[in-house]
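All residue numbers for the sequence shown refer to this note's numbering, where the first residue is 8 and numbers rise by one. A virtual CB, placed ideally from N, CA and C, is assigned to each residue, including glycine. Bear in mind that the values here come from a model prediction, so they are computed numbers and not experimental data. What follows is a single structure, written as C-alpha cells, with notes after it.
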Amino acid sequence: MNEICTCGAQLPPDARFCHKCGKPQYDLIEPEPVVATPVPEVVAPPVAEPVLGVGLRNPVAVRVASLAGAVCALLIVIPLPPVVQLLWQMILLFAGGFLAVYLYNRRTKAAATLRAGAALGWMVGFFCFLIMLVLFTVSVVAMAAGDGLQASFREMIAMRGNAEVTQQLGAWLESPAGVASLLFLMLVTSFFMLTLLPAIGGALA
8 MNEICTCGAQ LPPDARFCHK CGKPQYDLIE PEPVVATPVP EVVAPPVAEP VLGVGLRNPV
68 AVRVASLAGA VCALLIVIPL PPVVQLLWQM ILLFAGGFLA VYLYNRRTKA AATLRAGAAL
128 GWMVGFFCFL IMLVLFTVSV VAMAAGDGLQ ASFREMIAMR GNAEVTQQLG AWLESPAGVA
188 SLLFLMLVTS FFMLTLLPAI GGALA
C-alpha cells in the first residue's frame, strides 16, 4: 500500500482513497456475481391411458364385432338345402369370430387373449342375433298378415322335417300358446347358436 499519494499528500495507514484528491490507492476487487443455479423442472411422468377390455364399452371391439356380425347375418340367409345350410351356418359363425379377432388385432396392434377372443366372438354373435331378430320379426309379421302363422309354420316344418316331426310339432300349432312357445324356443335356440359358435372361433383365433 502506498504511504504517499501521487498528489504528494501523506496517506494514513490502510487508506483506501486519498483524502486530498480522492484517488483510490489500490484496485477494488469486485465480488463475482452470484449466478443463480437453475432449478430443474420436475416433469410429471405421462399418465398411461387405461386399457379397455373387450366388451360393449370398447368402441373398437364394438365396431369390429358389429361389422363381422353384419357380414354373418348377410351370408347366413343364403338359401341352401337343409343339411348344407346347417353346415354352412356353423362354418360361417365360427369364421365370423375368427375374423373379428383378426380385425381387432390389426386395429389395436395387440394380440387378443383367449378370453378376449371369446368375448369378441360372443359380441359378433350378439350383433348377428339382433340383425336376425329384426328379419325374423318382419317375416313373422308378414306370415301373420298372409296365410297366418300356424299355416306358414306347418308348411315350413313339412318342407324341412319328416312326417313324424311334422305330426309332433303340428300339435303345438293348434293353439296360440303353442305358436308362442315355438317362437320362443326358436329365438332361444338361435341366440345360443349364434353366440356360442363365434365365441369358440374367437377363442381359437
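Delimiting residues of the alpha helix (DSSP H) encompassing residue i
i, result
"I207", "P183 to L211"
"C79", "P66 to I83"
7 Å CB neighbourhood of residue i in its chain, flanking five on each side removed
i, result
"T67", "A small fix is needed here, since residue 67 is Val in this sequence, not Thr. The answer, listed in chain order, is Y111, R114 and T115."
Residue i classed as buried or exposed, judged by whether at least 16 other C-beta atoms fall within 10 angstroms
i, result
"L93", "exposed"
"G209", "buried"
"G60", "exposed"
"T202", "buried"
"P45", "exposed"
6 Å Cβ shell around residue i - same chain, five flanking residues per side excluded
i, result
"C28", "C14"
"Q96", "I83"
"L138", "It is Ile, not Leu, that sits at residue 138 in the sequence shown. Excluding positions up to five away in sequence, the list reads A80."
Neighbourhood of residue i by C-beta distance below 8 Å, restricted to the same chain and skipping five residues each side
i, result
"A118", "N112"
"L127", "V61, A68, V71, A72, G104, A107, V108, Y111, A119 and G209"
Quiz item: In chain order, which alpha helix (DSSP H) runs of at least 4 residues are fully inside the stretch 89-150?
Solution: Taking only runs of at least 4 residues, the alpha helix (DSSP H) segments lying wholly in the stretch 89-150 are 89-115.
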